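Notes follow the structure.
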Amino acid sequence: MAEIVPDGTTATQVSLDSLGRTVVELADADADRISHNRYQSFNVGDNGAILNNRTAGARTIINEVTGAEPSSLNGEIRVLGTRAHVVIANPNGISVNGAEVFNMASLALATGEISYQTRTGNFGDDYRNPVVNVSGGSIYIGADGLTGSLNRLELLSQRFIAEGELHNNSESAFASIGVKTGAGSHEINSRLAMSDPADGWLNSTYSNAESAVLAVDISSAASLRASRVSMQVTALGAGVRSAGNIYATANHFSLTSEGKVEISGDVKAAGDLAIEADNISSIAADGQQNTIESQFGAVALSSDSDIYLESTLLSAAQTADGGNALTLTATGDIKLRARSEEQRSILFSLQGIHLNSQRLYNHSGRILANTGLTINTTLFDNSVEIEAFDQLGEISHNSHDGKRLWYTAFLQRERQNERSIRFGEPDAGRLISEIIVAQGDADITATEAYRGYGADIIANDGNIQINTARFQNESALVGEAWMTSRCNLGGCDERGGSDVDLLGGNIQASQQLTIDASESLMNVGGTLQAVNDVHLQSPVMESHGVVVYDVLTRNKGLRGLLLKNDAIWVAVDQGGAVVSNMGTLNLSGGTLQFYGAGVAAPDIKGDYRTVREPTTQELLLRRRIGLGGDLF
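Using full-length UniProt numbering, the first residue of the sequence shown is number 1, and each one after it goes up by one.
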């Protein structure tokens, strides 16, 4: 394949040096220090290519392909002479696999055609800016990648696909990688100095045409690394899939998309991190937890529909004004889901957290705010997910005949009795859905309903305030209790066990707890507690204990020598408490009724009634009679 072949319309010459490298003698720069070079083909092989700028004297080098074939860049590309901004434009597409660039201030790879825009300078003088017009084409980064030390590395195309490393190794805090996809025009500032890494090189405008394609596809083997990284997807409906790792090592990361953003790799920035899209989902690969993190700045996710995080750590540091460093905003739903203790969705901020959505679901996730938490939603489902099956929470009893007894001449059988109850296990294991505020207040507004099932809300040094229409706080019963009894002429051998447990249900404030529910307030097996005052307001208020089952197995007297055991199946009311340690329990709007639960407060203002005291009930206890009952 011919590598670099001029098309004859510009004064561009090509030769080979003694090392087999392709040497491009660039066309002379014009008055704006632009060297425009056109090619029938532009391919760089393993031997590399040299753009000779010694005599051209260009500040901007344009390499435009006018032929019909895409370009392959697989070797070293070096500017010889004066450092310059470089553009390689091929509307047919560009693939890169093992390219390294040298002596370039900026590099743009673009799948577009070149035109010019005349501008007027500050002193009334006219000058021209090159414009790259992108209407299609793909940029592909292969397994061997693309590296260089640049002020800016820009990828301009309809689609961007990466399967290898794309690294800008410049140590400048402003050195960048920019990925811009979609039909549009990119005007290049021809007057930008090579030594200026901060100012914008491109001014982009887009047509925002509709597209159903995946505009950005970053594989798990790929990575993007620069001091700052930005990605823009402008075609309506075009999405982003990022399975590789993206690192903005000294500055910010930003991603905007008019379609869906799917993340399964890590995204980390030293500065602020912002993702704005039609839909955002972060789902870690199987057996892993991925991270979206700002080490020293803020994190903001904004979606025109939903935000879904599964086994994702979302971590923020701080803002300059000391406000909410972590912000999630969704027109639709925000959902956190865990797979296990090691694969948990976690929201963490060294400062405050603000969540705003139509509905908010926290399924075994953890929300950790250092200086305060605000939640605004219509429905807050703060619950563990329990496996569903028939007879969930129902006592199952089975009796049947066992083996025939030899000492009855095989005329009688052993009698077997079995009793069990199952509550199932959470999908993510016994993890509570957890909210912890280290310092500051937790302010939760769920206009329709707050439902906590197996969830804790803890304010270690602040207040908790919940405003809703229907409030339900419930501990989650999990596990299984079982007992078996084998009876023969020598007595009954009873054995059993239980791992039934209550998960969550604790809402605890170190200062004051306020719950205002305009329709109903229900506490089932949980604990509503504050060190100081507790304020509960609702027309309907109930607090219930939850029946927790246990089986106690023990040897009794000399029967233990015959391997005979007694088992006791008991049911105990647990939870349902309302506690004010050092303050006043203020009840308004209705009468708080206790069912198998209790209240503790130095002072109570308002009406409450104990309908049923907490109890312990033996559901099955075998009692032996006769002179040997105590021994046997």
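Idealized CB from N, CA, C, for every residue including glycine.
All of these numbers come straight from a predicted model, not from anything done at the bench.
Please name the residue, chosen from Asp441, Ser72, Thr181, that lies closest to glycine 136 on a Cα-to-Cα basis. By 1-based counting over the sequence shown, the position of residue 136 is 136. When each option's Cα is compared against that of glycine 136, the closest is Thr181.
Compute the beta-carbon to beta-carbon distance between leucine 301 and isoleucine 280, rounded to the nearest angstrom, for a pair I have assumed lies under 8 Å. Here residue 301 is taken as the residue at index 301 of the sequence shown, counted from 1. Here residue 280 is taken as the residue at index 280 of the sequence shown, counted from 1. That pair is a contact at about 6 Å.
Would you mind working out which of Thr591, Val531, Tyr608, Ala597 sits nearest serine 580, comparing C-alpha positions? Taking the first residue of the sequence shown as position 1, residue 580 is located at position 580. For the residues Thr591, Val531, Tyr608, Ala597, the minimum Cα distance to serine 580 belongs to Val531.
Where does isoleucine 569 fall in DSSP's three states? Here residue 569 corresponds to residue number 569 of the sequence shown, with the count starting at 1. Going by the sequence as given, residue 569 is tryptophan instead of isoleucine. The DSSP-derived three-state label of tryptophan 569 is strand.
Please list, in chain order, all residues of the same chain as threonine 584 whose beta carbon is under 8 Å from its beta carbon, the five residues on each side excluded. Locating residue 584 in the sequence shown gives position 584, counting from the first residue. Excluding residues within five positions, the ones whose Cβ falls inside 8 Å are Asp533, Val534, Ala601, Pro602, Asp603, Ile604, Lys605.
Please classify glutamate 618: does DSSP put it in a helix, a strand, or coil? By 1-based counting over the sequence shown, the position of residue 618 is 618. The three-state reading of DSSP puts glutamate 618 in strand, counting E and B together.
Distance between isoleucine 88 and isoleucine 94 (C-alpha atoms, nearest Å): Along the sequence shown, one-based indexing puts residue 94 at 94. Along the sequence shown, one-based indexing puts residue 88 at 88. Taken atom to atom, the span from the alpha-carbon of isoleucine 94 to that of isoleucine 88 is near 9 Å.
Can you check which of these residues, Asp321, Arg191, Gly75, is closest to asparagine 122 by C-alpha distance? In the sequence shown, the residue the question calls residue 122 occupies position 122. Of Asp321, Arg191, Gly75, the residue nearest in Cα terms is Arg191.
Excluding the 5 residues flanking glycine 372 on each side, which residues of the same chain have their C-beta closer than 6 Å to its C-beta? As a first step, residue 372 is located in the sequence shown; it is residue number 372 there, counting from the start. Only Gly352, Gly440, Asp441 meet the Cβ criterion.
Need the endpoints of the beta strand (DSSP E) that histidine 354 sits in, please. Taking the sequence shown and counting its residues from 1, one reaches residue 354 at position 354. First-last of the beta strand (DSSP E) with histidine 354: 352-356.
Locate the beta strand (DSSP E) running through glutamine 40, then write down its first and last residues. Here residue 40 refers to the residue found at position 40 when the sequence shown is read from its first residue. Residues 34-42.
Measuring only the C-alpha atoms, how far is leucine 587 from threonine 616? Position 587 of the sequence shown, counting from 1, holds the residue named residue 587. Position 616 of the sequence shown, counting from 1, holds the residue named residue 616. A direct Cα-Cα distance of roughly 28 Å separates leucine 587 from threonine 616.
Using the C-alpha atoms, what's the distance from tyrosine 453 back to serine 364? As a first step, residue 364 must be located in the sequence shown, where it is residue number 364. As a first step, residue 453 must be located in the sequence shown, where it is residue number 453. About 10 Å.
DSSP beta-bridge partners of leucine 150: The count along the sequence shown starts at 1 and reaches residue 150 at position 150. According to DSSP, leucine 150 bridges with nothing at all.
Coarse secondary structure for methionine 582, derived from DSSP in three states: By one-based count along the sequence shown, residue 582 stands at place 582. DSSP places methionine 582 in coil when its eight states are reduced to three.
Given this structure, state the Cα-to-Cα distance separating glutamate 165 from aspartate 144, to the nearest angstrom. Taking the first residue of the sequence shown as position 1, residue 165 is located at position 165. Taking the first residue of the sequence shown as position 1, residue 144 is located at position 144. Answer to the nearest angstrom: the Cα atoms are 7 Å apart.
Please report the distance separating the alpha-carbon of threonine 610 from that of aspartate 573. Here residue 610 is taken as the residue at index 610 of the sequence shown, counted from 1. Here residue 573 is taken as the residue at index 573 of the sequence shown, counted from 1. So the two alpha carbons sit approximately 14 Å from each other.
Identified DSSP bridge partners for serine 399: Residue 399 sits at position 399 when you count from the first residue of the sequence shown. Asn417, per the DSSP bridge assignment.
To the nearest angstrom, how far is it from the Cα of leucine 631 to the Cα of tryptophan 569? For the purposes of this step, residue 631 is taken as residue 631 along the sequence shown, with counting starting at 1. For the purposes of this step, residue 569 is taken as residue 569 along the sequence shown, with counting starting at 1. Low local confidence applies: a pLDDT of 34 at leucine 631 is under 50, so the model's placement there is unreliable, with the coordinate-based value given in what follows. Straight-line spacing of the CA atoms in leucine 631 and tryptophan 569 works out to 22 Å.
Glutamate 613 versus glycine 525 - alpha carbon distance: By one-based count along the sequence shown, residue 613 stands at place 613. By one-based count along the sequence shown, residue 525 stands at place 525. Each residue's CA atom was taken as its position, placing glutamate 613 and glycine 525 some 14 Å apart.
May I ask you to verify whether the stretch 374-394 touches the stretch 284-304, counting CB pairs closer than 8 Å and requiring at least 3? Touching, no, given that fewer than three Cβ pairs across the two stretches are closer than 8 Å.
Residue of Asn203, Val478, Ser294 minimising C-alpha distance to proline 227: By 1-based counting over the sequence shown, the position of residue 227 is 227. The question names proline, but residue 227 in the sequence shown is serine. Considering only alpha carbons, the answer is Ser294.
Cβ-based burial, lysine 268 [other Cβ within 10 Å; buried from 16]: On the sequence shown, position 268 is the one that residue 268 refers to. Buried.
Between proline 197 and serine 172, how many whole angstroms is the CB-CB distance? I'm expecting something under 8 Å. Numbered from its first residue, the sequence shown carries residue 197 at position 197. Numbered from its first residue, the sequence shown carries residue 172 at position 172. Cβ atoms of proline 197 and serine 172 come within 8 Å of each other, at about 5 Å.
Along the chain, where does the beta strand (DSSP E) containing leucine 373 start, and where does it finish? The residue given as residue 373 occupies position 373 in the sequence shown. DSSP places leucine 373 inside the beta strand (DSSP E), whose first and last residues are 373-383.
Please report the residue range of the beta strand (DSSP E) in which isoleucine 62 lies. As a first step, residue 62 must be located in the sequence shown, where it is residue number 62. Residues 60-65.
Outcome for asparagine 398 when other beta-carbon atoms lying within 10 angstroms are tallied against a minimum of 16: Taking the sequence shown and counting its residues from 1, one reaches residue 398 at position 398. Exposed is the call here.
Backbone secondary structure at asparagine 203 - three-state DSSP: If you number the sequence shown from 1, residue 203 lands on position 203. Residue state, collapsed to three classes: strand.
Distance CB(serine 230)-CB(glycine 148) smaller than 8 Å: Counting from one through the sequence shown, the residue named residue 230 turns up at place 230. Counting from one through the sequence shown, the residue named residue 148 turns up at place 148. Contact: no.
For the structure I just gave you, are there three or more beta carbon pairs, one from the stretch 374-381 and one from the stretch 343-351, closer than 8 Å? No: the two stretches stay apart, fewer than three of their Cβ pairs being nearer than 8 Å.
Assign glutamine 117 to one of three DSSP states: helix, strand, or coil. Along the sequence shown, one-based indexing puts residue 117 at 117. Correct three-state label for glutamine 117: strand.
Cβ-Cβ distance between glycine 598 and serine 475 below 8 Å: Position 598 of the sequence shown, counted from the first residue, corresponds to residue 598. Position 475 of the sequence shown, counted from the first residue, corresponds to residue 475. Against a cut-off of 8 Å, the Cβ pair of serine 475 and glycine 598 comes out as no contact.
Taking the C-alpha atoms as reference points, what is the distance between serine 157 and glycine 323? Position 157 of the sequence shown, counted from the start, is the residue given in the question as residue 157. Position 323 of the sequence shown, counted from the start, is the residue given in the question as residue 323. The alpha-carbon atoms of serine 157 and glycine 323 are separated by roughly 38 Å.
Let's test the definition: count the other Cβ atoms within 10 Å of the Cβ of arginine 54 and tell me whether it reaches 16, buried, or not, exposed. Indexing the sequence shown from 1 puts residue 54 at position 54. Counting of Cβ neighbours within 10 angstroms places arginine 54 among the exposed residues, the total staying below 16.
Alpha carbon to alpha carbon, how far is glycine 67 from tyrosine 39? Translated into the one-based positions of the sequence shown, residue 67 becomes position 67. Translated into the one-based positions of the sequence shown, residue 39 becomes position 39. Just so you know, the alpha carbons of glycine 67 and tyrosine 39 end up roughly 7 Å apart.
Any chance you could list the beta strand (DSSP E) runs of at least 3 consecutive residues sitting entirely within the stretch 208-267, in chain order? Correct list: 214-218, 223-226, 228-233, 239-242, 245-248, 253-257, 260-263.
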